[in-house]
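Trainee: Below are the structure tokens for one structure; questions will follow.
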Amino acid sequence: MDDRSDKAKLMDGRRKHKLLTAKIKNKMPMLYETDGVPLHEKDILVKFFCPYSNWKWYGCEYDPESRTFLGRTDGHEKEWGYFSLGELEELDRNGLPLVERDCWFTPCKGVDIGEKIPIEEIAERVGVPKEERG
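Numbered according to our numbering, the sequence shown spans residues 1003 to 1136.
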């Protein structure tokens, strides 16, 4: 059953694809399932973007009931938080969808989208003894 709004369905037709396919949805961990995993190590499984600006949304967890993602938004700032699939589906300008799914996106880790690795972890990886770390 498709419980999305009529506007969301209309935008799918205009963009010629769904923002979130069943295949991607089935691979997404539920919200809070990856708590404890550092942001730079989280699996980024889907990318949305606005072709008319520099805005991007990267999803790593998803709740199908509320249709909410945990992920990173790159817009005016780069920040982690929650964003709504329903809102992305309905964004339009003069009847044209403003958000697309990057159909050629390859899943990656948070570090691959620019998430910083904490300096303490870098020091540990390269073998700097704890007593020499600033």
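Each residue gets a CB set at the ideal place from its N, CA and C atoms; glycine is no exception.
1) Could you give the DSSP three-state label for L1087: helix, strand or coil?
2) Using DSSP bridges, identify the partner residues of G1038.
3) In terms of alpha-carbon separation, which member of P1109, V1039 and W1057 lies closest to K1025?
4) I need the DSSP call for K1029, collapsed to helix, strand or coil.
5) Can you give the beta carbon distance from W1057 to G1077, rounded, assuming they're within the 8 Å contact cut?
6) Report the option in E1123, E1117 and R1095 whose CA atom is closest to the CA atom of Y1054.
7) Can you confirm whether the region 1059-1070 touches the region 1032-1043 when touching is taken to mean that 3 or more C-beta pairs between the two stretches lie within less than 8 Å?
8) For E1089, count neighbouring Cβ atoms within 10 angstroms of its own Cβ and tell me buried if that reaches 16, exposed if not.
9) Could you check if I1046 is buried or exposed, using at least 16 other CB atoms within 10 Å of its CB as the buried criterion?
10) Measure the alpha-carbon distance for L1021 versus K1132 and round it to whole angstroms.
11) On a CA-only basis, which of D1104, C1052 and E1122 is nearest H1019? Give me that one, please.
Mentor: Taking the definition as stated:
1) helix
2) In the DSSP output, where bridge partners are listed per residue, G1038 has none listed.
3) P1109
4) helix
5) 4 Å
6) R1095
7) yes
8) exposed
9) buried
10) 46 Å
11) D1104
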